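Undergrad: If you read the sequences in order, they're chains A and B.
Each residue of the first sequence is one higher than the one before, starting from 725 at the first, in my numbering.
Each residue of the second sequence is one higher than the one before, starting from 2 at the first, in my numbering.
Before anything else, here's the structure in question.
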Amino acid sequence: DQQVKQNSPSLSVQEGRISILNCDYTNSMFDYFLWYKKYPAEGPTFLISISSIKDKNEDGRFTVFLNKSAKHLSLHIVPSQPGDSAVYFCAASLSGTYKYIFGTGTRLKVLA
Amino acid sequence: ETGVTQTPRHLVMGMTNKKSLKCEQHLGHNAMYWYKQSAKKPLELMFVYSLEERVENNSVPSRFSPECPNSSHLFLHLHTLQPEDSALYLCASSHPDRDSQPLHFGNGTRLTVT
């Protein structure tokens, strides 16, 4: 059973608009959440994270929101740029352990 | 030099071959991981080493054999693989002693088993 789910395999957004990528998890023990970006032929690159003690974390154009009661997190990219086109993975973890559970990814395409 | 380096980038091997994947990290981390990425599946954790000791082994077939000679190097020895083992193999490192630390990945080895 998948503990971390990304239900949208793909998303297309116009350049300059907001991209919203969603992620759901099932284990309420997870306390650290991450987003990774992956280009073809490269490994995943860490983008932004959030601890469960917060509900929002912002870094430039990227903001992650966490709704613990709904066990849901989202990544907002605004404004979206063509270079943001990639596969985005969310992950959940128990901090201080070796457990990082990944979703299946969402392919974002930003149209110029 | 990038943080986590994997070699080779691409590997084609027959089912009877023996080969090894190599990973090296320059981040001062003390945990190293092997993940497998197959099409349309989540990244699957295979093995974790912490301070050169294996701490996780997620029911991986014995045809995959990890080795961690020191905290900077990790190998994955392959033998008698099956075509369904074709995938992207990713190495990662972290510092789990510090709370809320991300994994850092290498660029992976694209393995094709013929």
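Backbone N, C-alpha and C define an ideal beta-carbon position, used for all residues, glycine too.
Remember, predicted model here, so these are calculated numbers, not experimental data.
1. In this structure, what does DSSP give as the bridge partners for B:Pro67?
2. Pairs of beta-carbons, one from the stretch 745-759 of chain A and one from the stretch 11-28 of chain B, closer than 8 Å: are there three or more?
3. In whole angstroms, what separates the C-alpha of A:Phe770 from that of B:Tyr36?
4. Determine which residues of the stretch 756-790 of chain A have a Cβ less than 8 Å from any Cβ of chain B, and write them out in chain order.
5. To the nearest angstrom, how far is it from the Cα of A:Lys792 to the Cα of B:Ser94?
6. Less than 8 Å between the CB atoms is what I'm expecting for A:Leu735 and A:Leu832, so what's the real figure, rounded?
7. Can you pull the chain A neighbours of B:Glu68, defined as C-beta to C-beta under 7 Å?
8. Spell out a yes or no on whether the stretch 82-91 of chain B and the stretch 819-835 of chain A are touching, meaning 3 or more CB-CB pairs, one atom from each, closer than 8 Å.
9. Taking all protein chains shown into account, do 16 or more other C-beta atoms lie within 10 angstroms of the C-beta of B:Val13, making it buried, or fewer, making it exposed?
10. Output, in chain order, the set of chain A residues within a Cβ distance shorter than 7 Å of B:Val1.
11. Confirm, please, whether the CB-CB distance from A:Glu739 to A:Leu835 is below 9 Å.
12. Using a Cβ-Cβ cut-off of 7 Å (strictly less than) and excluding sequence neighbours within five positions of B:Val114, which residues of its own chain qualify?
13. Give the single residue among B:His105, B:Pro62, B:Leu28 and B:Leu89 whose Cα lies nearest to the Cα of B:Pro43.
14. Since A:Ser752 meets chain D, which of its residues come closer than 7 Å, beta carbon to beta carbon?
TA: For this structure:
1. B:Leu77
2. no
3. 15 Å
4. Tyr756, Leu758, Tyr760, Ala765, Glu766, Gly767, Pro768, Thr769, Phe770, Ser773 and Ser775
5. 27 Å
6. 5 Å
7. The premise fails here: B:Glu68 is roughly 18 Å from chain A at the closest Cβ pair, so nothing lies under 7 Å.
8. no
9. Label assigned to B:Val13: exposed.
10. The first residue shown for chain B is 2 and the last is 115, placing residue 1 of chain B beyond what the model contains.
11. yes
12. Met14, Met16, Leu82, Gln83, Pro84, Asp86 and Ser87
13. B:Leu89
14. Looking at the structure shown, chain D is missing, and the protein chains on hand are A and B.
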